[in-house]
Ligand SMILES: Cc1cc2nc3c(=O)[nH]c(=O)nc-3n(C[C@H](O)[C@H](O)[C@H](O)COP(=O)(O)O)c2cc1C
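In my numbering, the protein residues as written are 1 to 171.
Structural data, given as structure tokens:
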């Protein structure tokens, strides 16, 4: 599958089978997050793998968008380690870094036949508190991840992309 084919094929999975991701496949997915580009190569990302019943139960209580996935990744960044933009006070790279890390993992997973759904419908501070993250760790998104259930289908809007001319402007 070439990249455009993979990018077009991928869709958010919200219906998972109980089959747990094999260790070697999970390792590849995590490696894709490890090698993602980050600002200044500072690598402030933290990826938490939640597979314990206790951890999954906590997540279920913190968001309705857990989709009963047997594995959930919490993708966060360390705000003491991200790149600080010297051109503008308060602008820093953590969310961008965490996002590209998550994108790498989501696409590598799809290549391995594993689905996921990017979720930001939760309170980052509640997640940090419930999981006892250090004060400098900021969760950005969670990624319920696993094999799609046989009946999983793309959402009706999956193929609805705006026209290029609406989103691209040559200056
Ligand atoms: C930043 C971001 C936040 C999202 N948050 C949620 C979410 O909280 N819950 C959810 O079910 N899907 C969430 N999604 C998935 C989007 O709804 C989905 O990617 C979009 O509708 C396009 O559908 P597709 O991924 O199937 O192509 C999120 C996606 C992105 C990129």
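Just so you know, even glycine gets a beta-carbon here, dropped at the ideal spot from N, CA and C.
Quick caveat, the model's predicted, so the values are computed rather than measured.
In this structure, how does DSSP classify residue i when only helix, strand and coil are distinguished?
{"i": "residue 46", "result": "strand"}
{"i": "residue 61", "result": "helix"}
{"i": "residue 36", "result": "coil"}
{"i": "residue 29", "result": "helix"}
{"i": "residue 162", "result": "coil"}
{"i": "residue 132", "result": "coil"}
{"i": "residue 66", "result": "coil"}
Which stretch, first to last residue, makes up the beta strand (DSSP E) that contains residue i?
{"i": "residue 78", "result": "71–78"}
{"i": "residue 171", "result": "From DSSP, residue 171 is part of no beta strand (DSSP E); its letter is neither H nor E."}
{"i": "residue 138", "result": "137–146"}
Could you check which residue in the options has the C-alpha nearest to that of residue i?
{"i": "residue 18", "options": "152, 28, 79", "result": "152"}
{"i": "residue 9", "options": "108, 133, 130, 102", "result": "108"}
In or out: residue i buried (at least 16 other Cβ within 10 Å) or exposed?
{"i": "residue 24", "result": "exposed"}
{"i": "residue 158", "result": "exposed"}
{"i": "residue 117", "result": "buried"}
{"i": "residue 101", "result": "buried"}
{"i": "residue 16", "result": "buried"}
{"i": "residue 170", "result": "exposed"}
{"i": "residue 40", "result": "exposed"}
{"i": "residue 140", "result": "buried"}
Over the uninterrupted alpha helix (DSSP H) stretch that includes residue i, give me the two end residues.
{"i": "residue 3", "result": "3–9"}
Within 5 Å of ligand 1: residues by beta-carbon to any heavy atom: 11, 12, 65, 118, 119, 120, 121, 158
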